[in-house]
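Peer 1:
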Amino acid sequence: MKYIFYLLILFSTLSNSQKFDERVDNLIQENIEETIELRHWFHQNAELSNREFKTAERIAAELRKIGYNPKTGIAKTGVVAILNEGKEGPVVGLRADIDGLPVKERANIPWASKMTGIYNGEEVPVMHACGHDMHTAILLSTAKILYEIKDEIPGQVKFIFQPAEEGAPAGEDGGAELMVREGVLKNPDVDAIFGLHVWSGMYAGQVHLRPEGIMAAVNEFRIDLKGVQTHGSTPWTGRDPIVTASQIVNSLQTIVSRSLPLTEAGAVVTIGSIHGGVRSNIIPEDLYMLGTIRTLDKNMKEIVLKRLEEIVYNVAKSNNVDAKITYLVSYPITYNDPFLYQEVLPTLNRVNGEKNVNLMKAITGAEDFSYFQEKIPGVYFFIGGSKVGEDLSKVAPHHTPDFYVDDSAIETGVRSMTSLAIDYLLNN
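Position 66 of the sequence shown, counted from 1, bears residue number 714 in the numbering used here, the numbering being contiguous throughout.
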């Protein structure tokens, strides 16, 4: 029976939705130059998490220009607008993340970011090193196209421009978790939600997705070690947090290789930052490390967390050093609802060409879009960001100074998001 159900959905989607495809494509072309200009502006004006003030102001201004009545200050700097507000029928959510990263741009483009911000108490360069500038421009273009045909589609569309996907500053709340807590999925209640991510390691025009877990859960942590400071020439008169940290880092790398059933799912434990000491001949009193855990299985996540604590506290104790673990950012697994996935796959195949839509393996990157998916069915997917023909092995990865995604990716994003919203509303 379920296969007959899926076939009925497919035929219904085709008959109700194909009449919009040509109009959507024409509207994309009419607006593409403006969308590219917006993308470049957001890129040049990159801002850090929970500090996206200019970004939010521009988003709201563009939405008002279209005809929306956006709400601002959602989860600090988020913006939300509703199409067909109050209209009966289903409600679909579309989300874009809007924050940049503390990275200095090296890409040779005229619209490179020269912005700075404050991160961990220091002034740092800021750039869109993960494509959120493109996500924002895509969703604004989607909002404009859907506004043009709003009288012909049932239900409502909630556009969610989300801050702080990269994690709120220390001591602050933010991101999708705070948006959900503040009720972004209510009034009107959202029935399903879609989000995308441009990816530099895929060609423009390509779409990649999978049902169920698509991105890992993340648990970021801080380890503080406290010893006794002494002269580097007489280490026996102190308690050395640097030696302790070195032993902890090595031991943490055995968690994945020696404590997890790796044939079931992937996992990663990484220490990305160590801070301690000022001179070669002074053993410091204090040291701290920052790390991240990525898991694709809930049981394996619990094993990693348990082993982390055992290793840190026992290694510290063996070196007569005090240790403290503080958990920072935590995102659940980004989980694509399998029934919604089956419903929307025909849409993505139709508007992008079936040969361009690919089943992917889960990755150990993480996304706080997962907080929306914990509450309602959602599908998250990737679009390619590199020019066709480029050597993908030489493309700069995300979160690096040379990261770049090409404007040619925009059309696929707008076409996919617009068509997903139309089809979902027509068929539910």
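Here a beta-carbon is modelled for each residue, glycine too, at the ideal position from N, C-alpha and C. Owing to the predicted nature of the structure, the values given are computational and were not obtained by experimental measurement.
Exposed or buried, what is Trp847 when buried is set at 16 or more other beta-carbons lying within 10 Å of its beta-carbon?
Peer 2: By the 10 Å Cβ count, Trp847 comes out buried.
Peer 1: Please report the straight-line C-alpha distance between Ala1010 and Pro883, rounded to a whole angstrom.
Peer 2: Those two C-alpha atoms are separated by around 47 Å.
Peer 1: Measure the CB-CB distance between Thr878 and Thr885 and report whether it falls below 8 Å.
Peer 2: Yes, Cβ-Cβ distance for Thr878 and Thr885 is below 8 Å.
Peer 1: Report the residue from Val999, Tyr989, Glu912 and Lys762 whose alpha carbon sits nearest the alpha carbon of Ala694.
Peer 2: The residue with the shortest Cα to Cα distance from Ala694 is Lys762.
Peer 1: Asn835 to Glu1002, Cα distance in whole Å?
Peer 2: Cα to Cα, the separation comes out at about 36 Å.
Peer 1: What did DSSP end up calling Trp884 once you bin it into helix, strand or coil?
Peer 2: Residue state, collapsed to three classes: helix.
Peer 1: Count the other C-beta atoms from every protein chain shown that fall within 10 angstroms of the C-beta of Asp781, then say buried if there are 16 or more, exposed otherwise.
Peer 2: That one is buried.
Peer 1: Once you ignore the five residues that flank Gly737 on each side, which residues in its own chain have a CB closer than 6 Å to its CB?
Peer 2: Same-chain partners within the cutoff: Pro802 and Gly803.
Peer 1: Taking only runs that begin and end inside the segment 695 to 760, name each unbroken beta strand (DSSP E) of 3 or more residues, in chain order.
Peer 2: As far as the segment 695 to 760 is concerned, its whole beta strand (DSSP E) runs of at least 3 residues are 719 to 722, 726 to 731 and 739 to 745.
Peer 1: From Thr661 to His845, what distance separates their C-alpha atoms?
Peer 2: Confidence at Thr661 is low in this model, with a pLDDT of 48, below 50, so the placement of that residue is unreliable and no value is reported for it.
Peer 1: Where DSSP assigns a beta bridge to Trp847, which residues make up the other side?
Peer 2: Answer is Gly1032.
Peer 1: Which same chain residues, not among the five before or five after Glu771, have their C-beta less than 8 Å away from its C-beta?
Peer 2: Correct list, in chain order: Thr764 and Gly765.
Peer 1: For Tyr989, which option in Thr1012, Val999, Lys954 and Phe1029 has the closest C-alpha, if you only look at C-alpha atoms?
Peer 2: Measuring from the Cα of Tyr989, the nearest candidate turns out to be Phe1029.
Peer 1: Quick check on this structure: which residue in Lys949, Gly726 and Ile730 has the alpha carbon closest to the alpha carbon of Thr627?
Peer 2: In the structure as shown, the chain starts at 649 and stops at 1076, and residue 627 therefore has no counterpart that could be examined.
Peer 1: So which of Asp1054, Asn997 and Leu1074 has the shortest CA-CA distance to Ala777?
Peer 2: Minimum Cα distance to Ala777 is reached at Asp1054.
Peer 1: Could you tell me whether the Cβ of Asp970 comes closer than 8 Å to any Cβ of chain B?
Peer 2: You won't find chain B in this structure, because it holds only one protein chain.
Peer 1: Report the option in Val828, Met863 and Thr982 whose CA atom is closest to the CA atom of Ile722.
Peer 2: Out of Val828, Met863 and Thr982, Val828 has the C-alpha closest to the C-alpha of Ile722.
Peer 1: If you reduce the DSSP assignment to three classes, tell me which class Tyr983 lands in.
Peer 2: Residue state, collapsed to three classes: strand.
Peer 1: Ends of the beta strand (DSSP E) at Ser915?
Peer 2: According to the sequence shown, residue 915 is Ala rather than Ser. Per DSSP, Ala915 belongs to the beta strand (DSSP E) from Ala915 to His923.
Peer 1: So, with DSSP's three-state summary, where would you put Ser899?
Peer 2: Here Ser899 sits in helix by DSSP.
Peer 1: How would you call Arg955, buried or exposed, if buried means at least 16 neighbouring beta carbons within 10 angstroms?
Peer 2: Classification for Arg955: buried.
Peer 1: In whole angstroms, what is the alpha-carbon distance linking Leu855 and Tyr1019?
Peer 2: The sequence given here has Val at residue 855, not Leu. Computed Cα separation, rounded: 23 Å.
Peer 1: Where does Thr661 fall in DSSP's three states?
Peer 2: Low local confidence applies: a pLDDT of 48 at Thr661 is under 50, so the model's placement there is unreliable, with the coordinate-based value given in what follows. Correct three-state label for Thr661: helix.
Peer 1: Quick one: any contact between the segment 1029 to 1039 and the segment 699 to 706, if contact means 3 or more CB pairs under 8 Å?
Peer 2: Not touching, per the Cβ criterion.
Peer 1: Are there 16 or more other CB atoms within 10 angstroms of the CB of Glu965, so buried, or fewer, so exposed?
Peer 2: According to the sequence as given, residue 965 is Lys; it is not Glu. Looking at its Cβ environment, which holds fewer than 16 other Cβ atoms inside 10 Å, Lys965 is exposed.
Peer 1: Sort out for me which residues DSSP pairs Gly765 with in a bridge.
Peer 2: Note: Gly765 sits in a beta bridge opposite Val772.
Peer 1: Does the beta carbon of Ile919 fall short of 7 Å from some heavy atom of the ligand SAH?
Peer 2: As far as ligands go, the structure on display features none, and thus does not contain the ligand SAH.
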